[in-house]
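Peer 1: Before anything else, here's the structure in question.
Residue numbers (my numbering): 4 to 281.
This is the structure we're talking about:
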């Protein structure tokens with residue numbers, strides 16, 4: 004059941020399932036909380052209260068916002084955690100990975116641990132040699148085209164590259180839902196705004212994080228020529244000993260949707276570890 008929280012400048016939609024310690028799930032741009040549909044039941048079964056959030060401008064949250072930065076998204080996520088009586092484990096995908104970093108640095112009393120799935124958490128740069136990687140070229144052209152032209156078909160084409168190999172059983176329904184949402188008034192504008200938002204604000208906070216962080220990357224993520232190098236750079240920018248990197252072989256930019264069982268297993272092992280319980 005959808006619930007709503009009024010924050011500055013708009014309304015955030017979310018749903019809660021289960022009971023126990025709180026986990027808050029935040030999706031990536033151009034998406035909705037449905038991205039976690041295969042993850043939520045397993046986390047609930049493991050004894051957690053799980054809140055899946057629609058980011059500002061996405062899903063059932065209000066569409067018109069003045070700011071699409073990771074800092075603004077972090078404020079929304081912290082507001083949800085406060086409202087639900089945190090603290091919480093904060094899971095963020097892509098742009099929300101950067102937002103989770105900021106939230107943990109700003110209010111460590113509300114965030115017990117962070118999981119970043121294919122996160123954009125650092126300033127990005129592409130070297131000429133990176134363009135030799137076919138999946139990067141394919142993904143980048145579709146991604147840039149979708150943002151520049153506000154094209155839903157190009158975004159769907161990007162998703163096909165971002166899900167290499169294994170597709171969810173409900174892939175057609177998944178694409179249809181994404182397509183339908185992005186054609187609602189203001190939703191493509193939200194995606195374009197997030198796409199123009201640089202992750203420098205998140206990168207500046209990596210050294211200020213005081214909670215354990217799990218970074219999960221897919222080996223075939225088309226957003227980076229070398230996903231392992233990107234994940235390692237995030238871990239290296241955190242205070243020593245706080246971060247760990249896990250790679251999922253064959254996954255693209257949506258490891259939680261392609262390999263939900265593997266992601267849940269990694270998350271639960273991380274949360275059971277001494278570092279995450281400390």
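Where a beta carbon is used, it is the ideal one built from N, C-alpha and C, also for glycine.
In or out: residue 5 buried (at least 16 other Cβ within 10 Å) or exposed?
Peer 2: By the neighbour-count rule (16 or more Cβ atoms within 10 Å), residue 5 is not buried but exposed.
Peer 1: Measure the beta-carbon distance from residue 120 to residue 258 and round it to whole angstroms, keeping in mind my assumption that it falls under 8 Å.
Peer 2: 6 Å between Cβ atoms; contact.
Peer 1: Apply the 10 Å Cβ neighbour rule to residue 64 and answer buried if 16 or more other Cβ atoms are within range, or exposed otherwise.
Peer 2: With 16 or more Cβ atoms within 10 Å of its Cβ, residue 64 is classed as buried.
Peer 1: Between 22, 12, 16 and 26, which has its C-alpha nearest residue 271's C-alpha?
Peer 2: Selected option, being the one with the closest Cα: 26.
Peer 1: I'd like the ranges of any alpha helix (DSSP H) spanning at least 4 consecutive residues and lying wholly in the stretch 90 to 152.
Peer 2: Runs of the alpha helix (DSSP H) inside the stretch 90 to 152: 98 to 109 and 137 to 152.
Peer 1: Would a C-beta distance cut-off of 8 Å place residue 97 and residue 31 closer than the cut-off?
Peer 2: In this structure, residue 31 lies closer than 8 Å to residue 97 by Cβ.
Peer 1: By how many angstroms is the C-alpha of residue 125 removed from the C-alpha of residue 235?
Peer 2: Distance between the alpha carbons of residue 235 and residue 125 is about 11 Å.
Peer 1: Do you know how far the Cα of residue 135 is from the Cα of residue 14?
Peer 2: Each residue's alpha carbon lies about 43 Å from the other.
Peer 1: I'd like to check one pair, residue 144 with residue 106: are the Cβ atoms closer than 8 Å?
Peer 2: It is not a contact, given that the beta carbons lie outside the stated cut-off.
Peer 1: Taking the alpha helix (DSSP H) that residue 197 belongs to, which residues open and close that run?
Peer 2: Per DSSP, residue 197 belongs to the alpha helix (DSSP H) from 190 to 199.
Peer 1: Taking a contact to mean a Cβ-Cβ separation below 8 Å, would you say residue 3 touches residue 101 in this structure?
Peer 2: Outside the shown range of the chain (4 to 281) lies residue 3, about which nothing can therefore be said.
Peer 1: Should the stretch 236 to 256 be regarded as contacting the stretch 161 to 172, the criterion being three or more beta carbon pairs within less than 8 Å?
Peer 2: Yes: at least three Cβ pairs fall under 8 Å.
Peer 1: Rounded to the nearest angstrom, what separates residue 85 and residue 110 at their Cα positions?
Peer 2: Using only the alpha carbons, I get a separation of about 11 Å.
Peer 1: According to DSSP, simplified to helix, strand and coil, what is residue 165?
Peer 2: Of the three classes helix, strand and coil, the one that applies to residue 165 here is helix, per DSSP.
Peer 1: Please state whether DSSP places residue 51 in a helix, a strand or coil.
Peer 2: Coil.
Peer 1: Using DSSP's beta-bridge definition, name the partner residues of residue 251.
Peer 2: For residue 251, which the question treats as bridged, DSSP gives the partners 221.
Peer 1: Excluding the 5 residues preceding and the 5 following residue 49 in the sequence, name in chain order all residues of the same chain whose CB lies nearer than 6 Å to its CB.
Peer 2: Counting only Cβ-Cβ distances below 6 Å, and skipping sequence neighbours, we find 271.
Peer 1: Taking only three categories from DSSP, how would you classify residue 16?
Peer 2: In this structure, residue 16 counts as strand in the three-state DSSP scheme.
Peer 1: Spell out whether any CB of chain C is found under 8 Å from the CB atom of residue 215.
Peer 2: Judged by its chain identifiers, the structure shown contains no chain C, having just a single protein chain.
Peer 1: How long is the line joining the alpha carbons of residue 118 and residue 36, rounded to whole angstroms?
Peer 2: Between residue 118 and residue 36, the C-alpha separation is close to 16 Å.
Peer 1: Straight-line CA distance for residue 179 to residue 155?
Peer 2: Straight-line Cα distance between these residues: approximately 11 Å.
Peer 1: Grab the span of the beta strand (DSSP E) containing residue 28 for me, first residue to last.
Peer 2: Start and end: 25 to 29.
Peer 1: Using only the alpha-carbon positions, how far apart do residue 141 and residue 225 sit?
Peer 2: Cα to Cα, the separation comes out at about 8 Å.
Peer 1: I'd like the span of the beta strand (DSSP E) that includes residue 9, first residue to last.
Peer 2: First-last of the beta strand (DSSP E) with residue 9: 6 to 10.
Peer 1: Could you pull out every residue in the same chain whose Cβ sits closer than 8 Å to the Cβ of residue 186, ignoring the five residues on either side in sequence?
Peer 2: Same-chain partners within the cutoff: 155.
Peer 1: Rounded to a whole number of angstroms, what is the C-alpha to C-alpha distance between residue 275 and residue 10?
Peer 2: Going from the Cα of residue 275 to the Cα of residue 10 covers about 33 Å.
Peer 1: Is it a yes or a no for the stretch 66 to 80 touching the stretch 39 to 48, going by three-plus beta-carbon pairs under 8 Å?
Peer 2: As far as the Cβ criterion goes, the stretch 66 to 80 does not touch the stretch 39 to 48, which means the pair count is below three.
Peer 1: Can residue 61 and residue 79 be called in contact, C-beta distance under 8 Å?
Peer 2: Taking 8 Å as the Cβ cut-off, residue 61 and residue 79 do not qualify as a contacting pair.
Peer 1: For residue 60, name the three-state secondary structure that DSSP assigns.
Peer 2: If DSSP states are grouped into helix, strand and coil, residue 60 belongs with coil.
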